[in-house]
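If you read the sequence shown in this note's numbering, its first letter stands for residue 5, the second for the next number, and so on. What follows is a single structure, written as structure tokens, with notes after it.
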Amino acid sequence: MAAFIPDEFIQRLLDETDIVSLVDSHIPLNKKGKDHWALCPFCDDGSKPSFSVSQQKQFYYCFRCRASGNAIGFLINYQSHDFQGAIEILANNAGLEIPKTGNNKNYEKNKKIIELNNLAADFYAKNLLKDGNESEVKNYLLNRGINEETIKTFQIGFAPEGWDNLLTFFKKNLDSEAQEIDAGLFKTSEKNNRVYDVFRNRIIFPIKSHRDQIIGFGGRVIDSSDNPKYLNSSDSEVFKKGRELYGLSEILKNKKRADRIIVVEGYTDVLSLFSNDISYAVATLGIATSKVHIDKLFTHVDEIIFCFDGDEAGVKAAESALNTGLSGLRDGKKIRFMFLPQGEDPSSLLEKEGKEQFEKRIENSKVLSEYLFENILKKYDDSIESKASAMKEFLDIMKLMPSSNFKKILFQEFSKNLGVELEEIRQPERQREPDVRTKKNLLKEEKIELDKISKSIIKVLMDSPNLSSLPALDIFLEQDSFMAQFLNFLRSKENLTFPMILQAFEGKKQFLIDLAEDENLIAPNESKDYLIQAVNYLMKNDKENLLSQLKERYENDSLSDQDKIELKKLLMNKFDDLDERELMLLKNV
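Given below as structure tokens:
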């Protein structure tokens with residue numbers, strides 16, 4: 005029997021998975037409007053694509069056969085996996101280990117690690133402002149073109165000299181149980197078994213997840229003689245160095261949505277760009293850009309610009325990024341390569357040229373196709389032998405790239421440049437019959453009858469699950485209804501996303517998807533007030549309906565003693581607005 009998988013892990017897995025990238029790896033998608041489209045893999049929809057994938061809500065839906073679901077459902081239905089198999093694939097893609105036991109201990113521990121990281125970040129940030137630290141550390145940051153606002157936004161801090169500053173702080177501010185949790189902030193000496201701080205005499209850069217949680221830290225030395233120059237938190241269940249991007253959380257928090265992201269070398273490069281109002285920069289954590297990074301960035305923007313030094317190391321890094329970029333590139337996405345003058349970094353160049361000139365360099369940077377062709381053709385002359393070698397190199401590189409319209413055009417254009425006609429070697433596409441389980445799932449869909457106000461309440465709660473705790477909503481818990489089930493589920497979970505809600509209500513997912521597709525006319529800052537008004541309206545409406553029913557029973561002389569009590573109560577509640585007939589009714593009852 006398959007092991008029980010905790011809801012918290014499924015939630016995290018869906019958070020880490022981009023359904024557009026997942027589906028696109030099996031079925032080439034084309035972006036049209038806000039969604040991505042393809043011919044449906046589950047039905048015959050002719051030549052007009054009816055299969056849509058929503059990046060914003062992270063689900064797929066066919067307007068012809070009504071197949072729908074989240075990333076887990078797609079793998080189950082498209083590749084005929086069972087639930088466990090789908091989870092294993094997504095966990096492997098996300099670099100996560102499936103819990104071996106069905107309890108929530110790991111998740112409680114992870115929550116506490118985040119809490120400890122937040123406490124450590126506050127400690128480091130306050131240290132930056134202390135007398136004696138301010139001049140040296142602050143001057144370093146200011147000299148790198150990093151302003152006060154950016155320091156505050158990124159919560160930059162300082163770990164002072166000494167072996168146990170953070171350890172002492174934790175002992176004073178945490179109970180013994182919390183002190184036992186290993187958040188990767190301390191190490192134990194093999195010589196004397198003494199516990200000491202990992203980060204000492206370093207500028208501290210908190211590293212955040214895309215959900216704005218502090219999951220780890222990076223530290224840069226103050227004294228140039230110290231080694232290593234940069235130090236990161238060790239990998240843990242909450243922090244994977246090879247998957248994270250410094251600065252991405254701050255980009256996502258920005259109210260102005262970025263349409264491109266520039267990838268620079270290090271933390272201070274990101275901070276310098278943000279300080280100059282170029283607030284769409286990220287950096288990997290001291291490692292080469294991977295396909296995981298590419299996929300993550302393309303989840304949020306359509307254009308990535310790689311920024312490299314103009315020296316030999318920069319050229320090698322660009323070639324590596326080119327190969328990685330090709331493996332993650334698809335139609336509608338763009339990659340550029342920008343090379344800085346030798347001896348310059350983003351901070352020094354911004355100081356010399358300013359924001360406007362720097363952004364001109366971004367605009368004039370080489371698109372991937374130009375850089376690819378130039379990088380291959382510069383190595384060869386016009387001889388037949390050289391053309392054959394260039395052809396081989398190009399074909400080898402193209403093996404990295406999934407099929408797409410862009411790939412076809414690359415073949416055509418390289419053929420023109422080389423003067424030799426090349427043909428793309430295509431893998432035969434697998435023809436699929438609609439999955440039997442997809443049809444069965446559609447038949448299982450439960451019909452839900454609700455009034456417009458109740459539907460709007462569900463719609464608002466799907467967009468803002470945290471509002472489910474409002475006491476005004478308690479009236480729904482008295483009913484044996486979908487509203488009660490839905491509310492209880494929202495209240496029992498934290499940080500819910502729409503894919504997780506779909507996962508929990510498999511038999512009602514079509515109803516929920518239809519609601520999600522409706523335009524939400526309630527602004528986020530008005531959602532709370534709207535819910536209270538909607539509940540009050542429903543309560544008032546229910547009372548009016550009940551009053552009408554009781555009046556009718558009075559006319560038919562069928563009122564019970566309990567009915568009479570309820571009728572009196574309802575009439576008294578609206579005493580000031582009673583008409584003559586209702587006043588007589590109150591007197592007689």
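Glycine is no exception: its CB is placed at the ideal position from the N, C-alpha and C atoms. Note that this is a predicted model, so its numbers are computed, not measured.
Give a yes or no on whether the C-beta atoms belonging to residue i and residue j are separated by under 8 Å.
i, j, result
"G336", "K244", "no"
"D126", "N169", "no"
"V27", "F78", "yes"
"A413", "N327", "The identity of residue 413 in the sequence shown is Ile, whereas the question assumes Ala. No, they are not a contact pair."
"N121", "A187", "yes"
"L235", "T288", "no"
"F398", "L333", "no"
"V539", "A488", "no"
"L376", "F362", "no"
"M395", "L426", "yes"
"T172", "E254", "no"
"I117", "Q62", "no"
"D17", "L123", "Checking the sequence, you will find Leu at residue 17 rather than Asp. Not in contact: L17 and L123 (Cβ atoms no closer than 8 Å)."
"F486", "K513", "no"
"Y594", "P53", "The displayed coordinates of the chain run from 5 to 593. Any statement about residue 594 would go beyond what the structure contains."
"I219", "V242", "yes"
"K295", "R340", "no"
"N421", "L381", "yes"
"K497", "D11", "yes"
"T501", "Q15", "yes"
To the nearest whole angstrom, what separates the beta carbons of residue i and residue j, a pair I think is in contact under 8 Å?
i, j, result
"V268", "P345", "The Cβ separation is near 15 Å, so there is no contact."
"G246", "I291", "6 Å"
"N91", "I160", "Before going further, note that residue 91 is Ile rather than Asn in the sequence given. The Cβ separation is near 38 Å, so there is no contact."
"V464", "Y534", "6 Å"
"S276", "R148", "6 Å"
From which residue to which residue does the beta strand (DSSP E) around residue i run?
i, result
"F162", "161-163"
"M342", "338-343"
"Y65", "63-66"
"V274", "Here V274 belongs to no beta strand (DSSP E); instead the alpha helix (DSSP H) covers 271-279."
"N236", "234-236"
"F55", "55-58"
"I596", "This structure leaves residue 596 out entirely; the chain is present only between 5 and 593."
"A71", "From DSSP, A71 is part of no beta strand (DSSP E); its letter is neither H nor E."
Express the C-alpha separation of residue j and residue i in angstroms, rounding to a whole number.
i, j, result
"V440", "V57", "For V440, the predicted model reports a pLDDT of 45, less than 50, meaning its position is unreliable and no value from the coordinates is stated."
"G89", "I505", "20 Å"
"L372", "G423", "20 Å"
"S393", "G314", "27 Å"
"K338", "Y128", "38 Å"
"T21", "K38", "18 Å"
"Y4", "P469", "Nothing about residue 4 can be read from this structure; the chain reaches only from 5 to 593."
"N74", "S531", "26 Å"
"K459", "K260", "30 Å"
"M342", "D263", "17 Å"
"F87", "E510", "13 Å"
"K233", "A285", "22 Å"
"K212", "K142", "22 Å"
"N445", "Q507", "With a pLDDT of 47 at N445, under the threshold of 50, the predicted position of this residue should be treated as unreliable, though the coordinate-derived value follows. Distance between the alpha carbons of N445 and Q507 is about 13 Å."
"F515", "I462", "11 Å"
"R436", "S331", "With a pLDDT of 46 at R436, under the threshold of 50, the modelled position of that residue is not reliable, and the figure given next carries that caveat. Distance between the alpha carbons of R436 and S331 is about 25 Å."
"T154", "G358", "17 Å"
"L491", "N114", "26 Å"
"F190", "R204", "11 Å"
"A163", "R206", "5 Å"
"H40", "Q416", "25 Å"
"I308", "I265", "5 Å"
"N231", "V225", "8 Å"
"H214", "P503", "17 Å"
"K374", "A322", "Residue identity differs from the one stated: residue 374 is Glu in this sequence, not Lys. Going by the C-alpha atoms only, they are around 13 Å apart."
"D281", "S237", "29 Å"
"N379", "G318", "14 Å"
"F55", "I31", "10 Å"
"F418", "Y384", "14 Å"
By the DSSP assignment, the alpha helix (DSSP H) with residue i in it spans what residues?
i, result
"P503", "502-508"
"S458", "456-467"
"F486", "486-496"
"F515", "513-521"
"A90", "87-98"
"I80", "75-82"
"I413", "409-422"
Indicate whether at least one CB of chain B lies closer than 8 Å to the CB of residue i.
i, result
"G223", "This model lacks chain B altogether; it includes just one protein chain."
Taking only heavy atoms of the ligand ZN into account, decide whether any of them is closer than 7 Å to the Cβ of residue i.
i, result
"L381", "With respect to the ligand ZN, the structure shown offers nothing to examine, as it has no ligands at all."
* Mind pulling the beta strand (DSSP E) runs of 3 or more residues that sit fully within the region 297-363? -> The beta strand (DSSP E) runs of length 3 or more contained entirely in the region 297-363 are, from start to end of the chain, 307-312, 338-343.
* Continuous alpha helix (DSSP H) assignments of at least 4 residues falling wholly in the region 14-43 -> Listed in chain order, they are 23-28.
* To do: Quick one: which unbroken alpha helix (DSSP H) runs of 4-plus residues sit fully inside the region 157-227? Chain order, please.
  => Whole alpha helix (DSSP H) segments, 4+ residues: 169-177, 180-183.
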